[in-house]
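Asker: Protein chains in written order, with the numbering used here: chain S, 19 to 513; chain A, 95 to 314; chain U, 20 to 334. Don't be surprised by glycine CBs; every beta carbon is placed ideally from N, CA and C. Computed from a predicted model, the values in this text were never measured in an experiment. Below you will find the structure I want to go over with you.
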Amino acid sequence: MNELLLLLPVAVPILAACGYGLLSWRPATAWIGACAAAGLLAAAITIAVAVAHAGPRTALGGLLRTDALSAFMLIVIGAIGLAATAATPAYFAAEITAGRATPRTAARHSLLVALFLAAMAAAVLAANLGVLWVAIEATTICTAFLVGQRRTRAAVEAAWKYVVICSTGIALALLGTLLLNFAAHHAGIRPGLDWASLAAGAGRLNPGVTQIAVLLLMLGFGTKAGLAPLHAWLPDAHSQAPAPVSALMSGVLLSVAFYAILRVKVISDAALGTGFARTLLAGLALASLLVAATVLLAQRDYKRMLAYSSIEHMGLLALGAAAGGQLALAAVLLHMLGHGLAKATLFLGSGHLLQATGTSRIEAVRGLAVRAPVLAGCFGAGVLALIGLPPFSVFASEFGIARAGFATGLGWATTAALVLVLIIAAALIGHTSHMLLGDPTPALGPGAATAPTRLPGGVALTLILGLGVCAAVGISAGPLSTLLRLAANTMTGTP
Amino acid sequence: MNDGVYVQLLDLACGALLLTGVLVLWRRELAVIIRVFAAQGVALAALVAVLAAHENSPELWIVAVGLLILRAGVLPLLLARALAAAGPARRETRPLVNVASSLLAAAVLALLAYAVSRPLVALSPSPATQAIPVGITVVLIGFFVLVTRRRALSQLVGFLLMDNGITTVGFLTTSSVGLIVELGVSLDVLLAVLVLRILTARIQESFGDADLDELRELHD
Amino acid sequence: MSALGVVGGVLQPVLIVSFSPVLLGVMRQVRAHLEGRAGAGIAQPWRDLRKLFGKEAITPRGTTEVFRIAPLVLIGTTAVVAVVAPFVTTDSALGSVADLFAVVALLALGTVALALAGLDTATAFGGMGASREMTIIALVEPTLLVAIFALSVRVGSTNLADIVSSTLRDPARTISPVSLLAAVALVVVVVAETGRLPVDNPSTHLELTMVHEAMVLEYAGPDLALVELASAMRLTVFLGLLANLFLPWGIATELTPGALLVGVVALMVKVGLLGMVLAAGEVFMAKLRLFRVPELLAGSFLLALLAVAASFFLA
């Protein structure tokens, strides 16, 4: 029974993928993906409850393992996966009507998205650094064709850069994995890559080798998480991919890659002391925030704007992880959930915006509040959530990270980070207000129809629900607080 | 197999890995680069075979055969097909760093690899671990090729070179990361190459010649 | 300064002076045969030298002493290397001069003398040849030093005779990566230093493609004979060094007539075979454009450097 429960988050999406492989895209089959994501979420909640009561559990002979941290990540994957797949049928209905896609494209898209969800679930359930690596590489392969789906020059270029840079980063992570395995074998830890045994025996690892291994692992997984300096793929890939895919990649995939970094940090802290990982992560955080702030000021494309905002938030996560300690780590996890929901909402909204206006340039969109009030409302609320306004949960998590940063001696870094966050917030508000407010006629030309475009009901519901959950979690973590506390414990103290 | 012969053969295989890595950096014609890459696959399989014979491990023999088929057979075949489908331009004409400077940079990378792998060799000195700098040199050379070449196929070969180097380091440091992880890694490499090959074909359709310098539409 | 060394010191220069034009003749004959021509015969270079020695000694107007003594310096340094380096015997007549750095310095001195003579003629082609030769030498000398140094690391001494004797004692070392990388690097060095294809075409008549021939364009009569003889001797010396550093079997290690005879024959056979292989290879290669030559030389430098690195970290 327990084994089966652990296999569900991986098995259900794979079954959905098989379904799409056999059947094609029809009004009836369009919702299989969303059902699979809902199943994943339900399984995730069940696992979380079980873990909260009874502690970590394993399956498949030690290949899969779940503790509080994995359970929380599964909830994140399930929630955002549900949001993205629920909006997919409406998105593809519009694409097929406009002639930009065929039912075959839609079926292939949903198949790959289902495999993508399964790979991410496998990554967070992996008990073993090697299996984690394989799962994350699998996500790169699944999303490679999703990014290049539209077959335009820009999309093909984005897909190429994405695959090459991410595979390079992942190759560095593989080298780090092999070196860690070497050090572990030498310290008598067997099997060499199992998280639990590594965390327990980390004190015996050779410092020199472990330093090189941790550096490579953090740089490698950091590439996949969009941290500078190897972030160049992110704006291109997230802006060229279709909206549901961007939502998933920005919302969840980056967080899953960051989850890998968190696991590596546990081992690094035990083997080398907290100083090494802290300096490294703080450096990566500030670099990412600087990159995001510099580019966002003069950004001209709203999808790239959202992508750079993801880099900013990943930088904040890295800062929180650098700070360490219970408060910071709980804030980091909450931030993953809140940012994921808000970003997914925004990307889904921007997908419909792109379909309605036909352009992704900020200056070409004006007066959205008049033309499409619901969409504009969701978009505006999403941006407010992103920049950390209460009651959204991003406020609570950013506050927590800042407090922990000051408390644990990262004062200067935190101050710099807050300044950069402020600059980014100003840029985001500026661009968004340009798009939402104002008179729509100049953009459309004189005499053009200004009837408001209607957002499909299902999509509107998804967006509002996503933002609502974000706000609710911001007010009170509720049932999640136990899980957050346990997960933070996992990372700081007892495994 | 007695110790002396084992060390000789191990060193020969590592020397061949290094030489083929340098040749990829040296030559310009894409067809030659692909053949040299296939030769490196043979050298890698030979290295694993030597390790298998030394430790009498049937698992390693299977891995050696698998590596031979994958990296000296399947991957070069895929690359050659991609080259045949490419346009008439068959050479790397203007790399970002010219060939003579690349070779001197490779010398610096070799010394860097040696410096970086000192703690690794010191952890467990043996003829196998003493060859780790060779693996790391190949990784660095692969990364250099990936970053400084303009043609899609050269970048692909650079990535595969990195992968060969990482596999070498893996086998020289310990015997086993678990068969499942081995299989997973090989499968991922194969799928990555397939994906990149398909993308190369699409780049060919959209942009003409796969000169990645043309890919400059996305920028801030 | 052992008896073996003294005998070697007498035998080697005599052998090399008499044998090198023959080697040149053999190489030209192989080339002719492969190209479908009848060829001029193996003894033709000796016939040419005899003709040139009988001609009037003449120098162009405007040249200085440098022009006149350069052929003497060239043949003198090559003769010294022929005396001391281990070709027929492992012991050398002047032990300390058989050191790697001394030998390379002597050979470089000869090249520099010739380049100066090319400049001294004050003609366009002389200067062009000299500058090209210096570009090539600037890249080749470090490679030569580093490649042989890689071999000397394991032996612990840079004396060429010691390197050769230690390879004799431990034959398995020849197939180590150090030896193989150094061998490839040295082959490129030999081709570049002796002015063979693909770096320089020794039988070209087009001045714009010349490197070595451009420097000696103004020489005539006995001076030209000395220069040609010295070039042939340099080719023999380089091929002999290449042969004996990597395949030293046959070299005389003791002072008996049998060993000496075997040493002489072994040297002639090895150098002859290498020469023929070089000539045959030249038939299939085209001359590299001059701005591509640094690529080739940088590659060989990298291989030599990797050989040294490998000698430090591979067992």
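The stretch 234 to 265 of chain A: which residues have C-beta closer than 9 Å to a C-beta of chain U, in chain order?
Answerer: none
Asker: Let's test the definition: count the other Cβ atoms within 10 Å of the Cβ of S/C160 and tell me whether it reaches 16, buried, or not, exposed.
Answerer: With 16 or more Cβ atoms within 10 Å of its Cβ, S/C160 is classed as buried.
Asker: Beta-carbon within less than 8 Å of S/A177's beta-carbon, same chain only, minus the 5 sequence neighbours each way: which residues are those?
Answerer: Here the set comprises A162, F163, V165, G166, A255, Q258.
Asker: How many angstroms separate the CA atom of S/V412 from the CA atom of A/Q134?
Answerer: 51 Å
Asker: Evaluate contact between the stretch 356 to 376 of chain S and the stretch 478 to 493 of chain S, counting only Cβ atoms and requiring at least three cross-stretch pairs below 8 Å.
Answerer: yes
Asker: Using beta-carbon positions only, say whether A/V130 and A/L117 come within less than 8 Å of one another.
Answerer: yes
Asker: Does the count of Cβ pairs from the stretch 95 to 110 of chain U and the stretch 144 to 152 of chain U closer than 8 Å reach three?
Answerer: With a cut-off of 8 Å, the stretch 144 to 152 of chain U and the stretch 95 to 110 of chain U do not count as touching, because too few Cβ pairs lie within range.
Asker: Pull the bridge partners of U/N339 from the DSSP assignment, please.
Answerer: There is simply no residue 339 of chain U to check, as chain U begins at 20 and stops at 334 in what is shown.
Asker: Quick one: which chain U residues come within Cβ less than 7 Å of A/R109?
Answerer: Residue 109 of chain A is actually Gly in this sequence, not Arg. Here the neighbours are P196, L199, L200, A329.
Asker: Quick check on A/N150: does DSSP put it in helix, strand or coil?
Answerer: Coil.
Asker: Please classify S/T512: does DSSP put it in a helix, a strand, or coil?
Answerer: Unreliable placement is indicated for S/T512, whose pLDDT of 49 sits below 50; no coordinate value is reported for it.
Asker: If you follow the alpha helix (DSSP H) that S/A77 is in, where does it begin and where does it stop?
Answerer: Not the alpha helix (DSSP H): S/A77 falls in the beta strand (DSSP E), residues 75 to 77.
Asker: Just tell me which of U/F120, U/F265, U/G129 has its CA closest to the CA of U/S176.
Answerer: U/F120
Asker: Between which two residues does the beta strand (DSSP E) carrying S/T84 extend?
Answerer: Element bounds for S/T84: 82 to 84.
Asker: With DSSP run on the structure shown, which of helix, strand or coil describes U/A239?
Answerer: coil
Asker: Mapping the DSSP letters down to three states, classify S/D319 as helix, strand or coil.
Answerer: Assigned with DSSP and collapsed to three states, S/D319 falls in strand.
Asker: Of all Cβ atoms in chain S, is any one closer than 8 Å to the Cβ of A/G278?
Answerer: yes
Asker: Helix, strand or coil: which one does DSSP assign to S/D212?
Answerer: strand
Asker: Given a limit of 9 Å on CB to CB distance, which residues of the stretch 180 to 197 of chain S reach chain A?
Answerer: V181, V182, S185, T186, I188, A189, L190, L192, L193, T195, L196, L197
Asker: Is the shortest distance between the beta-carbon of S/T512 and the beta-carbons of chain A less than 8 Å?
Answerer: With a pLDDT of only 49 at S/T512, under the threshold of 50, the placement of this residue in the model should not be trusted, and no figure is reported.
Asker: For S/N146 and S/L211, which I take to be in contact (beta-carbon distance under 8 Å), what is that distance rounded to the nearest angstrom?
Answerer: 5 Å
Asker: For chain U, find out if any of its Cβ atoms is closer than 8 Å to the Cβ of A/V210; answer yes or no.
Answerer: Interface flag for A/V210 against chain U is unset, since no Cβ pair is found closer than 8 Å.
Asker: Determine the burial state of S/W430: buried for a count of at least 16 other Cβ atoms within 10 Å of its Cβ, exposed for fewer.
Answerer: exposed
Asker: Where in the stretch 231 to 263 of chain S do unbroken runs of the beta strand (DSSP E), each at least 3 residues long, occur, reported from the N-terminal end onward?
Answerer: none
Asker: Rounded to the nearest angstrom, what separates S/P513 and S/A214 at their Cα positions?
Answerer: In this prediction, S/P513 has a pLDDT of 43, which is less than 50 and means its spatial position is unreliable; nothing more can be read from the coordinates.
Asker: Which residues of the stretch 150 to 174 of chain U have a Cβ closer than 8 Å to any Cβ of chain A? Give them in chain order.
Answerer: none
Asker: Is the number of C-beta pairs between the stretch 291 to 309 of chain U and the stretch 32 to 49 of chain U that are closer than 8 Å three or more?
Answerer: Flag = yes, the stretch 291 to 309 of chain U and the stretch 32 to 49 of chain U touch.
Asker: Note down, in chain order, each residue of its chain lying with its Cβ closer than 7 Å to the Cβ of U/P161, except the 5 sequence neighbours on either side.
Answerer: F320
Asker: Smallest Cα separation from S/I441: which of S/I32, S/L302, S/E330?
Answerer: S/E330
Asker: Under 8 Å between the Cβ atoms of A/W120 and A/L206?
Answerer: The Cβ atoms of A/W120 and A/L206 do not sit closer than 8 Å to each other.
Asker: So if I threshold CB-CB distances at 9 Å, which residues from the stretch 228 to 242 of chain S count as touching chain A?
Answerer: Q229, I230
Asker: Could you name the residues of the stretch 157 to 179 of chain A whose beta carbon sits closer than 7 Å to any beta carbon of chain S, in the order they occur along the chain?
Answerer: none
Asker: Would A/A216 be called buried (16 or more neighbouring beta carbons within 10 Å of its own) or exposed?
Answerer: exposed
Asker: Does DSSP put U/T193 in a helix, in a strand, or in coil?
Answerer: helix
Asker: Taking all protein chains shown into account, decide if U/N220 is buried (16 or more other Cβ within 10 angstroms of its Cβ) or exposed.
Answerer: Its Cβ being crowded by 16 or more others within 10 Å, U/N220 is buried.
Asker: Would A/L161 and A/V142 qualify as a contact pair, given that the criterion is a beta-carbon distance under 8 Å?
Answerer: Remark: C-beta atoms of A/L161 and A/V142 approach each other more closely than 8 Å.
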